[in-house]
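Engineer: In the working numbering, the protein residues as written are 65 to 340.
The C-beta atom is built at its ideal place from N, Cα and C for all residues, glycine as well.
One structure, as structure tokens, below. Some questions next.
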Amino acid sequence: MSTRRDPHGMRVLVTGASGTFGRAVCARLSGLGAHVVGLDLAPREDDPVEVLACDITDDDAVPAAVAEAIGRLGGLDLLINNAGIGGPAPAELPPGAEVRRQLDINLLGTWRVTAACVDALVASRGRVVMVSSRMAVMQLPLAAAYGASKRALVAYADALRLEIGTHVDVTCVYPSAVRSPIHDSTAAAGLSLEGMSQYEPLEGVVRTVLRAALGGRPRRDLPTTRRGAVEFFLARHLPALTDRIVARTLADRVRSGAFKGAELAAGVVARHRSAG
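Take a look at the structure:
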């Protein structure tokens with residue numbers, strides 16, 4: 065039995081195809097001989113594959129764009145749900161537009177696209193790859209919406225696997241932090257998580273997504289690094305320990321003045337000072 069699926073001629077749809085992860089994944093799969101079409105809110109002229117404009121928060125636009133993409137591909141063997149955004153969202157504050165935006169794109173956008181693809185994937189006995197996050201299992205402070213959306217994404221993937229797993233494989237991939245524009249809004253708000261996450265190379269994420277997509281044996285969950293695998297294991301089996309590690313790291317960041325002047329972190333800073 066082959067240990068790797070043949071990508072040549074594989075019909076692939078990638079969301080967030082014009083972003084950092086999406087462009088790299090599209091280029092790699094296309095280079096391996098796959099027929100790739102992307103979806104993105106803002107396609108770029110230099111995208112490595114054909115990318116259709118689509119707002120995945122639009123209930124009406126998604127089915128139409130997916131149908132067009134599948135029509136151009138002539139079917140669908142692989143869906144890579146990569147589209148996602150981050151942003152500042154302390155858990156102690158009421159959910160506003162930023163929280164709703166992250167949930168709508170990261171969770172509901174993925175749900176909309178996947179639902180529009182189910183029939184084609186069942187027909188081909190295809191595969192779905194969800195690009196989740198280490199924060200789906202190990203939450204970091206001041207970014208509650210992102211972690212909540214990615215944890216909910218995994219729950220959605222689990223339900224999807226139970227419903228269509230007789231015909232379609234579903235894998236979640238868990239990158240840690242990669243330097244990309246997804247962190248810009250958080251940094252602009254003074255809530256940079258520098259020092260709380262160890263950055264990993266983009267290549268490792270792309271390699272893991274391809275492993276999920278092309279591996280002969282479908283995997284349920286795939287961290288992207290050895291460190292990520294350890295964090296994934298600890299967060300799943302020793303969550304109180306990971307909570308203490310993250311809390312201690314946050315306290316160190318507060319003492320270092322990392323959140324000085326950041327309005328959204330004012331409560332965290334005040335509480336750590338009063339506890340000291």
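#1: Give the single residue among Asp-285, Cys-181 and Val-269 whose Cα lies nearest to the Cα of Ala-215.
#2: Nearest-angstrom Cα distance between Ala-88 and Val-270?
#3: Based on Cα-Cα distance, which residue from Leu-255, Leu-185, Gln-203 and Arg-317 lies nearest to Glu-227?
#4: Where in the region 167 to 236 do unbroken runs of the alpha helix (DSSP H), each at least 4 residues long, occur, reported from the N-terminal end onward?
#5: Residue range of the beta strand (DSSP E) that Pro-287 falls in?
#6: Applying the criterion that 16 or more other CB atoms from any shown protein chain within 10 Å of the CB defines a buried residue, is Tyr-263 buried or exposed?
#7: Just curious, the alpha helix (DSSP H) that Pro-271 is in, first and last residue?
#8: Among Ala-293, Pro-159 and Ser-188, which has the Cα closest to the Cα of Ala-209?
#9: Name the residue from Val-192, Arg-198 and Met-202 whose alpha carbon lies nearest to the alpha carbon of Ala-223.
#10: Excluding the five sequence neighbours on either side, which residues of its own chain have a C-beta within less than 6 Å of the C-beta of Gly-102, listed in chain order?
#11: Once DSSP output is grouped into helix, strand and coil, what is the label at Ile-309?
#12: Please state the DSSP three-state secondary structure of Thr-121.
#13: So, with DSSP's three-state summary, where would you put Met-65?
#14: Apart from the five residues on each side of it in sequence, which residues of its chain come closer than 7 Å, Cβ to Cβ, to His-196?
#15: Beta carbon of Cys-181, beta carbon of Leu-140: below 7 Å?
Structural biologist: According to the data block:
#1: Walking along the sequence shown from the start, residue 215 turns up at place 151. The amino acid occupying residue 215 in the given sequence is Arg; Ala does not appear at that position. When each option's Cα is compared against that of Arg-215, the closest is Asp-285.
#2: Taking the first residue of the sequence shown as 1, we reach residue 88 at position 24. Taking the first residue of the sequence shown as 1, we reach residue 270 at position 206. About 7 Å.
#3: On the sequence shown, position 163 is the one that residue 227 refers to. Minimum Cα distance to Glu-227 is reached at Leu-185.
#4: 174 to 188 and 208 to 228
#5: On the sequence shown, position 223 is the one that residue 287 refers to. Per DSSP, Pro-287 belongs to the beta strand (DSSP E) from 285 to 287.
#6: As a position in the sequence shown, residue 263 is number 199, starting the count at 1. By the neighbour-count rule (16 or more Cβ atoms within 10 Å), Tyr-263 is not buried but exposed.
#7: Within the sequence shown, numbered from 1, the residue matching residue 271 stands at position 207. First, the amino acid is wrong: residue 271 is Arg here, not Pro. For Arg-271, the enclosing alpha helix (DSSP H) has its first and last residue at 266 to 278.
#8: One-based indexing of the sequence shown puts residue 209 at position 145. Among Ala-293, Pro-159 and Ser-188, the Cα nearest to that of Ala-209 belongs to Pro-159.
#9: Residue 223 sits at position 159 when you count from the first residue of the sequence shown. Nearest of Val-192, Arg-198 and Met-202 to Ala-223, Cα basis: Val-192.
#10: The residue given as residue 102 occupies position 38 in the sequence shown. These residues qualify, in order along the chain: Val-78, Ala-81, Cys-90, Val-113 and Val-115.
#11: Counting from one through the sequence shown, the residue named residue 309 turns up at place 245. Of the three classes helix, strand and coil, the one that applies to Ile-309 here is helix, per DSSP.
#12: Translated into the one-based positions of the sequence shown, residue 121 becomes position 57. It is coil, neither helix nor strand.
#13: Within the sequence shown, residue 65 is the residue found at index 1, counting from 1. Annotation note: pLDDT 40 at Met-65 (below 50); position unreliable, coordinate value reported separately. Correct three-state label for Met-65: coil.
#14: Against the sequence shown, residue 196 aligns to sequence position 132. It should be pointed out that residue 196 corresponds to Ser in this sequence rather than to His. Lys-214, Leu-217, Val-218, Cys-236, Val-237 and Tyr-238.
#15: Along the sequence shown, read from residue 1 onward, the residue named residue 181 stands at position 117. Along the sequence shown, read from residue 1 onward, the residue named residue 140 stands at position 76. Result yes, Cβ atoms of Cys-181 and Leu-140 sit closer than 7 Å.
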